[in-house]
Amino acid sequence: MHFHLPKPLHGWREFVGEVGIIVIGVLIALGAEQVVEAVHHRSQVDEAIEKLRAESADNRRVLDYDLRLLQKSLAVVDRDLAALDGCRNPGTIRTLEPLPQDPVLYPADVAWQGARDSALLPLMPALQAHNYAMVDGIMSGYATRTFDLRRDLDRTSGAVESVRAGGQDAGVCDAALLRLNELKQTELSLALHATFLRTANESALKGLHMGIDPRSLRPQLR
C-alpha cells in the first residue's frame, strides 16, 4: 500500500497564494449572501411602501367622509342654535332638530405600525419614513379629538332632547345652548384637524416633503 503525501509548499509566495485563494472564496460566498439578503430586504421595503400607499389612499376617502359628516352636523347645530335664539324667550323655543349620530371614522395605520415595528424602517427612504412618522403623530391627535366629539355629542343630544320633549324653562334652554356651543367648537376643531391630517396624508402619498403649518389651514367642509 502506497501513501501519497500532499506536496509541501515551497516558499512564502506559494503559501500566500494558497491562503489568498481561500480568502477570496470566502469573500465571494459572503458577498453573494449579502446580495441575496439585500435583494430580499429591498423587496420587503417595496412591499411595505405599497401597503402604506394603499392605506393612505383609503384614509383619504375616510377623511373626506368625516369632513362631510362634520359639515352636516354643524349645519344642524347652527339651526338649533338659531331656534333657541339665545334663550331670550325660552317659552317660545322653536322645535329643535335631533343631532346626527353617524359615527366619525378613524383612519387606519396598520401598515405604518407594521413597518415601524419591524427591522425594515431603517431601510426605507428617509423622506417616506419621516412623512409617515409625522402622519402617525397627527393621527394620534385626531383619535383624541374623535373621543372628545363622541363625549360632547352624547351630552348635547341629551340637552337637545330635553327641549324636544317639551322643556321650555330657562334652565333647560341654557343647558341646551351651552352644550350646542361646546359641540360646535369641538366639531370645528375636529374639522380643522381632519383637514390637517388629510393634507399630511396627501404629502406622504405623493412623496412630498412635509412642511405644514396648521395655522394656515381652514376646515375644508364641502
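In the numbering used here, the protein residues as written are 480 to 701. Here a beta-carbon is modelled for each residue, glycine too, at the ideal position from N, C-alpha and C.
Using beta-carbon positions only, say whether Leu575 and Val524 come within less than 8 Å of one another.
no
Using 10 angstroms around the beta-carbon of Phe675, count the other beta-carbons present and answer buried if the total reaches 16, otherwise exposed.
buried
Assuming Glu666 and Leu584 make a contact with CB atoms under 8 Å, what is their CB distance in whole Å?
Contact doesn't hold; Cβ gap of about 15 Å is too wide.
DSSP-derived helix/strand/coil call for Ile572
In this structure, Ile572 counts as coil in the three-state DSSP scheme.
Identify which residue in Asp653, Leu546, Leu602, Leu578 has its Cα closest to the Cα of Glu526.
Leu602
Expressed to the nearest angstrom, what Euclidean distance is found between the alpha-carbon atoms of Ser682 and Tyr544?
19 Å
Where Ser552 falls: helix, strand or coil (DSSP):
helix
Locate the alpha helix (DSSP H) running through Ser597, then write down its first and last residues.
Note, Ser597: premise wrong, no alpha helix (DSSP H); not H, not E.
Would Leu687 be called buried (16 or more neighbouring beta carbons within 10 Å of its own) or exposed?
exposed
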